[in-house]
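**Student:**
Chains as they are written, first to last, in this note's numbering: chain L, 127 to 791; chain F, 127 to 791.
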């Protein structure tokens with residue numbers, strides 16, 4: 127490629143995906159077709175050939191994938207990523223002489239020009255040139271074509287037919303002259319994860335509340351006993367809040383009381399005690415051996431254990447004595463506790479990432495992740511990553527994934543949008559979102575537009591949580607059971623990754639600590655709870671049904687093609703997702719008002735779904751099992767939240783008619 | 127700057143302007159404030175200091191300009207460009223320890239925290255550290271402050287007052303610790319032109335039609351005689367179609383007839399004859415000396431001569447004999463003429479930019495530009511640049527501007543949007559647009575949104591032409607004089623660069639060659655015309671008025687702040703432009719229907735214009751001289767196209783009232 131040659135005439139720009147001007151990678155999952163779009167054009171009206179160049183990082187050779195013209199000088203091509211890790215890609219294009227000649231020649235013929243012998247000769251000469259570059263077999267073929275075109279016996283119309291044939295085009299394309307090709311000056315990267323980074327269903331649970339009988343501290347063994355229950359609901363990730371020894375100094379009591387009673391267990395996020403720190407297990411939960419057993423047992427149920435990594439220390443953490451240089455010391459000889467002035471968190475010591483010994487600190491923290499990876503964990507939910515340096519995460523994730531490319535990192539950052547985006551760009555596989563607080567149709571529609579339809583989708587994988595141990599929303603507080611059902615359906619169908627904090631969720635626990643608070647009353651964060659998971663009013667069967675629908679419908683397993691549809695009622699939200707080939711179309715309608723029945727007319731996009739406006743089609747409510755025959759774009763919906771606040775329809779594009787009946791044929 | 131240091135915590139991204147991921151420069155003019163916007167943030171909630179680094183290309187040292195926080199992690203700063211050529215810029219930012227400490231300390235004080243002595247001590251220590259870096263005088267000041275903060279005599283409240291003083295903040299800012307600063311990894315460029323690249327008023331004229339008496343071939347002397355007329359109308363660029371010898375072989379006759387009559391002068395775009403090529407002058411126009419005289423004479427009227435460079439040859443061009451290697455030869459030994467199959471242009475030979483001798487060809491073409499530059503020309507209108515390689519133009523413009531940075535290039539490319547954008551990105555100073563064909567309110571509003579409000583504005587300077595020798599639009603054909611007036615006002619006020627092809631324009635010439643054609647009947651392209659420029663119905667006074675308004679109102683001299691306002695009549699378009707400081711607000715209303723009077727209510731943005739909704743304000747129609755007292759956002763407009771199809775109001779924010787009368791005070 128001689129780009130300095132003045133004859134290199136193609137311009138390539140506006141490549142997508144290109145995250146941060148190409149400084150950071152886009153994301154994909156194994157088996158995905160990475161779609162590349164780009165502006166390509168040259169002066170004049172010559173024809174262009176363009177290809178995507180791609181390779182696994184480390185591979186010496188580029189592979190090639192063809193690009194095709196879309197419209198407005200935009201081209202697209204794609205390549206399949208089949209392995210974990212980084213792939214590189216760029217675009218090459220050139221003015222294609224034979225294609226240009228052929229295009230013009232075709233126009234001449236169509237216009238009935240008679241003096242085309244000279245032009246035929248030009249084409250024949252191009253074929254002769256190509257034969258010099260071709261394989262032996264192709265060279266012979268090309269020579270023969272050239273002779274036919276140049277020799278008198280063949281008639282002009284025979285020659286025209288030959289030279290414009292698809293066969294000649296195909297062979298000439300193989301030997302297209304790339305001497306003056308141009309390559310986009312940047313090699314861009316896409317980071318390839320396993321499928322679960324894109325499609326996952328999370329269940330968060332406090333192990334210490336898992337005991338079967340009240341009053342006892344739950345153990346990993348108790349967690350194992352809970353696995354069938356979680357698997358039946360259809361979750362594939364079981365995420366545990368920190369499982370490390372809990373500090374005693376300044377321990378918080380029930381409901382975050384400043385003073386703890388002697389038997390208060392403390393919060394699992396006050397990490398570290400004399401029993402150990404981030405690589406130790408809280409003794410009451412069991413042993414490391416028990417933990418490994420839980421990880422293995424979970425696998426039998428198709429469940430992966432995800433750990434919560436919170437980089438912070440209780441005053442009793444071993445780091446305090448072993449590495450005083452990792453903390454900020456105040457002039458009075460005490461360690462600086464966490465503060466967000468005027469708020470103080472004296473029971474938490476942040477680590478000082480500005481220490482001169484930052485390299486050792488980084489290495490130690492990396493060793494924490496690696497320690498749990500060695501115990502079989504491959505999924506980490508990272509607590510407040512936005513309060514630790516971005517470059518630390520970028521380094522850590524790259525380091526860990528270099529050795530364990532199947533690792534998944536979920537960023538728990540509820541903060542400013544650009545900070546959340548940056549964490550995703552630098553490597554976090556999934557991200558918490560503002561979904562938790564988006565309740566109205568307007569809010570949901572607006573919020574969902576960015577992560578699913580803009581360039582953000584190329585690096586940001588949202589994970590929707592209707593509740594967390596820290597967030598019991600006012601919507602859930604006031605809406606009761608129908609609100610839990612509605613939020614579950616929204617989370618589970620709007621994005622491909624979602625999770626709930628249970629059993630508080632399926633048991634519709636919704637009493638706040640006080641009016642105006644989003645904290646749970648008697649939160650598990652500060653005490654051990656006993657949950658009656660077999661309560662008759664549990665949502666477990668409903669959740670199981672929704673998760674089964676997710677597993678059976680590929681359009682719910684990615685964030686492509688989310689589409690909101692008009693409904694003439696502000697309390698009803700309607701949207702669909704479909705696979706590229708339309709083989710799976712899911713239509714969801716949710717009544718956002720948990721108190722009253724609402725009805726309205728939805729308006730559906732028949733043409734894009736390839737539905738005949740003149741024929742009925744069937745929608746199958748996968749929640750209730752009911753089937754409806756619909757006709758035309760407008761259809762009536764009525765949802766009583768006390769029965770079920772949502773429909774999840776599969777749209778069946780073809781229904782049987784008399785013509786399908788054997789007798790009819 | 128140690129960016130590899132893990133303590134460098136700031137993230138910088140999303141810099142604007144950044145054209146094509148930083149691969150190409152943005153544009154500005156001398157005296158302009160280049161505004162830089164960027165996302166800057168760090169982990170946690172520490173305070174950040176950010177600066178723009180900028181320098182003239184070639185200068186070894188960066189200058190610094192402060193940045194300020196806007197919102198949503200977005201920062202902005204600006205720097206003044208005072209010289210022609212390229213400037214480079216980038217952004218540096220760091221976590222500012224004293225600013226962070228001060229922000230937190232302020233919160234503590236505001237919250238009434240009592241145990242702040244430790245925090246005071248931390249602040250004092252930061253001041254002590256800074257004194258080690260400071261100038262002698264500052265160092266002493268810092269030491270004194272430090273002592274006051276640490277010593278018992280001063281009360282706590284005195285200490286608080288001192289440490290939070292603006293003076294301490296100012297000095298500490300000077301010595302802010304930049305050890306862990308981060309610099310955006312790309313140096314971006316802005317290409318700085320002279321003001322006329324941004325604000326210019328073009329008049330296109332065929333010199334051969336300038337003779338005072340019918341039947342005579344016009345000369346450069348005749349052009350000189352026309353200068354006062356052009357200057358009175360307020361144009362500052364006189365642009366001449368090609369002035370070179372015209373080919374005789376296959377010369378086109380009147381109205382583009384295939385056969386020319388013996389006395390037909392041919393089209394000036396069939397460049398080259400035995401008298402010479404692109405560096406020669408058509409003998410009937412005069413001598414090179416005459417041309418130079420015209421250039422000088424024009425300057426006296428504040429007018430610059432712009433030449434038309436069309437890179438193409440008549441079959442008689444000297445290049446054909448001297449450089450046969452610069453053309454495409456067909457197998458029958460003839461030169462390939464211009465074609466766009468099935469259309470043929472046998473009288474035009476394109477140059478072959480794919481010749482092996484492309485370097486010589488490039489150099490020769492550069493020498494054409496330099497030749498005319500040496501005759502005093504600094505403005506070129508380039509004919510069909512999109513049919514010659516982009517890299518050629520990028521090189522040529524860079525080469526020419528390296529030596530003559532005051533050169534202006536106007537790209538005459540009516541082609542696909544991305545091709546037009548690319549020509550602007552690679553260096554063309556101004557660009558033709560689709561304005562010529564945008565007539566309705568919807569079309570104009572939509573079309574104007576991109577070049578004036580999006581990132582395109584950073585590199586693309588539109589030049590609006592209501593007519594050209596090639597384009598007599600159907601709107602002008604059918605709308606007559608009011609249509610010419612409306613289109614003039616639109617072109618002259620929607621963008622800061624515009625031009626007309628005269629005298630056909632001011633004389634409202636609007637007969638097409640045939641129905642459905644956009645060609646002029648008896649076009650000057652193929653024959654000599656005689657224009658009666660003193661006709662009573664000429665628009666020359668109206669044009670003079672409009673151009674005077676442009677000169678007197680700075681808001682019309684840039685493309686910033688164009689804003690469309692609602693009118694409840696689709697035939698009326700209403701928009702405004704204002705200077706940043708609101709000292710100049712121009713409001714334009716145009717009746718787009720050249721046949722009927724239309725009226726409606728316009729709705730104006732009082733608050734953004736800092737107008738009191740409760741008080742009247744005055745609008746002064748600069749076209750008619752009339753003044754109106756308006757009140758509130760909604761105001762009535764009525765425009766009779768036969769009188770004048772437009773208002774160009776200056777909005778006077780302050781009108782005199784009784785309080786302004788001396789007696790009242």
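Glycine included, every Cβ here is placed at the ideal spot set by N, Cα and C.
Consider the Cβ of residue 563 of chain F: report whether some Cβ of chain L lies at a distance smaller than 8 Å.
**Tutor:** No, no contact with chain L.
**Student:** Roughly how many angstroms separate the alpha carbons of residue 185 of chain L and residue 212 of chain L, rounded to a whole number?
**Tutor:** Cα to Cα, residue 185 of chain L sits roughly 11 Å from residue 212 of chain L.
**Student:** Can you pull the chain L neighbours of residue 132 of chain F, defined as C-beta to C-beta under 8 Å?
**Tutor:** Neighbours of residue 132 of chain F on chain L, chain order: 479, 484, 485, 488, 515, 517, 518 and 521.
**Student:** Please list the partners that residue 605 of chain L has in chain F, where partner means a Cβ-to-Cβ separation under 7 Å.
**Tutor:** Going along chain F, no residue has its Cβ under 7 Å from residue 605 of chain L, so there is no contact; the nearest lies around 31 Å.
**Student:** Use the C-beta contact count for residue 641 of chain F: other C-beta atoms within 10 angstroms, 16 or more gives buried, fewer gives exposed.
**Tutor:** When all chains shown are included, residue 641 of chain F counts as exposed.
**Student:** For residue 128 of chain L, which three-state DSSP category applies?
**Tutor:** Residue confidence for residue 128 of chain L is low, a pLDDT of 43 falling below 50, so the modelled location carries little weight and cannot support an answer.
**Student:** Could you give the distance in angstroms between the alpha-carbon of residue 153 of chain L and the alpha-carbon of residue 183 of chain F?
**Tutor:** Each residue's Cα considered, the two are about 37 Å apart.
**Student:** For residue 544 of chain F, decide whether its Cβ has a neighbour in chain L, counting only Cβ atoms nearer than 8 Å.
**Tutor:** At least one chain L Cβ lies under 8 Å of residue 544 of chain F.
**Student:** Taking the alpha-carbon of residue 761 of chain F as reference, which of F:435, F:561 and F:725 has the nearest alpha-carbon?
**Tutor:** It is F:725.
**Student:** Given a cut-off of 8 Å, decide if residue 177 of chain L and residue 218 of chain L are closer than it, judged by their beta-carbon atoms.
**Tutor:** A contact, by the Cβ cut-off of 8 Å.
**Student:** So, does the stretch 564-584 of chain F touch the stretch 132-147 of chain F, judging by three or more C-beta pairs under 8 Å?
**Tutor:** The stretch 564-584 of chain F vs the stretch 132-147 of chain F: in contact.
**Student:** Of all the options F:332, F:479 and F:431, which has the alpha carbon lying nearest to the alpha carbon of residue 505 of chain F?
**Tutor:** Checked all of F:332, F:479 and F:431; the closest Cα to residue 505 of chain F is F:431.
**Student:** Using beta-carbon positions only, say whether residue 132 of chain F and residue 476 of chain L come within less than 8 Å of one another.
**Tutor:** Contact: no.
**Student:** Give the straight-line distance between the Cα atoms of residue 513 of chain L and residue 521 of chain L, rounded to the nearest whole angstrom.
**Tutor:** Answer to the nearest angstrom: the Cα atoms are 16 Å apart.
**Student:** Establish whether the CB of residue 176 of chain F and some CB of chain L are separated by less than 8 Å.
**Tutor:** Output row for residue 176 of chain F: interface = no.
**Student:** Given that residue 247 of chain F touches chain L, what residues does it touch there, using C-beta distances under 9 Å?
**Tutor:** In chain order: 456, 457 and 458.
**Student:** Establish whether the CB of residue 710 of chain F and some CB of chain L are separated by less than 8 Å.
**Tutor:** No, because no Cβ of chain L sits closer than 8 Å to the Cβ of residue 710 of chain F.
**Student:** Name, in chain order, the residues that DSSP records as bridge partners for residue 203 of chain L.
**Tutor:** Answer is L:162 and L:193.
**Student:** Does the distance from the C-beta atom of residue 409 of chain L to that of residue 401 of chain L stay below 8 Å?
**Tutor:** Yes, Cβ-Cβ distance for residue 409 of chain L and residue 401 of chain L is below 8 Å.
**Student:** Please tell me whether residue 305 of chain F has its Cβ less than 8 Å away from any Cβ of chain L.
**Tutor:** Chain L contact via Cβ: absent.
**Student:** Around the Cβ of residue 382 of chain L, are there at least 16 other Cβ atoms within 10 angstroms (buried) or fewer (exposed)?
**Tutor:** By the 10 Å Cβ count, residue 382 of chain L comes out exposed.
**Student:** Go ahead and label residue 127 of chain F buried or exposed: buried means 16 or more other beta carbons lie within 10 angstroms of its beta carbon, across all protein chains shown.
**Tutor:** At residue 127 of chain F, the pLDDT of 37 sits below 50, so the modelled position is not reliable; the number obtained from the coordinates is stated separately. Exposed, because fewer than 16 other Cβ atoms sit within 10 Å of the Cβ of residue 127 of chain F.
**Student:** So what does DSSP say about residue 771 of chain F, is it helix, strand or coil?
**Tutor:** Coil.
**Student:** Could you tell me which of F:601, F:573 and F:558 sits nearest to residue 591 of chain F, measuring between CA atoms?
**Tutor:** Considering only alpha carbons, the answer is F:558.
**Student:** List, in chain order, every chain L residue whose beta-carbon is nearer than 7 Å to that of residue 244 of chain F.
**Tutor:** Here the neighbours are 456, 457 and 458.
**Student:** So residue 109 of chain L packs on residue 290 of chain L, CB below 8 Å; how close in whole Å?
**Tutor:** Nothing in the structure corresponds to residue 109 of chain L, since chain L is present only between 127 and 791.
**Student:** Answer yes or no: do residue 553 of chain L and residue 540 of chain L have a C-beta to C-beta separation smaller than 8 Å?
**Tutor:** In this structure, residue 540 of chain L does not lie closer than 8 Å to residue 553 of chain L by Cβ.
**Student:** Mark residue 360 of chain L as exposed unless 16 or more other C-beta atoms lie within 10 angstroms of its C-beta, in which case mark it buried.
**Tutor:** Under this definition residue 360 of chain L is a buried residue.
**Student:** Kindly provide the ranges of any beta strand (DSSP E) runs that are 3 or more residues long and lie completely inside the stretch 646-716 of chain F, ordered along the chain.
**Tutor:** As far as the stretch 646-716 of chain F is concerned, its whole beta strand (DSSP E) runs of at least 3 residues are 689-691 and 698-704.
**Student:** Tell me which residue opens and which closes the beta strand (DSSP E) that residue 761 of chain L is part of.
**Tutor:** Counting along the chain, the beta strand (DSSP E) containing residue 761 of chain L begins and ends at 760-765.
**Student:** Hey, how far is the Cα of residue 354 of chain L from the Cα of residue 427 of chain L?
**Tutor:** Straight-line Cα distance between these residues: approximately 7 Å.
**Student:** Any Cβ of chain F within less than 8 Å of the Cβ of residue 468 of chain L?
**Tutor:** Yes, because at least one Cβ of chain F sits closer than 8 Å to the Cβ of residue 468 of chain L.
**Student:** Rounding to the nearest angstrom, what Cα-Cα distance links residue 134 of chain F and residue 343 of chain L in this structure?
**Tutor:** Residue 134 of chain F and residue 343 of chain L: Cα-Cα distance of roughly 44 Å.
**Student:** Does the beta carbon of residue 449 of chain F sit closer than 8 Å to a beta carbon anywhere in chain B?
**Tutor:** Chain labels in this structure do not include chain B; the protein chains are L and F.
**Student:** Start and end of the beta strand (DSSP E) containing residue 455 of chain L?
**Tutor:** It is not in any beta strand (DSSP E) - residue 455 of chain L carries neither H nor E in the DSSP assignment.
**Student:** For residue 531 of chain L versus residue 251 of chain F, is the C-beta distance shorter than 8 Å?
**Tutor:** The answer is no: Cβ separation not under 8 Å.
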